[in-house]
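>
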Amino acid sequence: MVGQDPSASPAGGALENANPLIYRRQGERPVTAREEDDELPDAIDDREIFDILI
Numbered sequence: 008m009v010g011q012d013p014s015a016s017p018a019g020g021a022l023e024n025a026n027p028l029i030y031r032r033q034g035e036r037p038v039t040a041r042e043e044d045d046e047l048p049d050a051i052d053d054r055e056i057f058d059i060l061i
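Residue numbers for the sequence shown follow this note's numbering, beginning at 8 and rising by one.
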């Protein structure tokens, strides 16, 4: 496109995050016998949310 600033478009301009933070994956979370027991109430923790989503 003639007359447009190339940095204004996402495809031809500056990066949104040129230096992102990258974290190492922790691995699989071990499942305990207490978590498998459906009769016991358990709180939902942060990692469990990601286990469900991914």
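Glycine included, C-beta positions come from ideal geometry on N, C-alpha and C.
Excluding the 5 residues flanking residue 10 on each side, which residues of the same chain have their C-beta closer than 6 Å to its C-beta?
The pLDDT assigned to residue 10 is 49, lower than 50, so where the model puts this residue is not dependable; a value taken from the coordinates is nonetheless given after this. Same-chain partners within the cutoff: there are none.
> Would you tell me roughly how many angstroms separate the C-alpha atoms of residue 8 and residue 29, rounded to the nearest one?
Low confidence applies here, because residue 8 scores a pLDDT of 46, under 50, leaving its location unreliable; read the following figure in that light. Roughly 35 Å separates the two Cα atoms.
> Taking the alpha-carbon of residue 47 as reference, which of 39, 24, 53 has the nearest alpha-carbon?
Considering only alpha carbons, the answer is 39.
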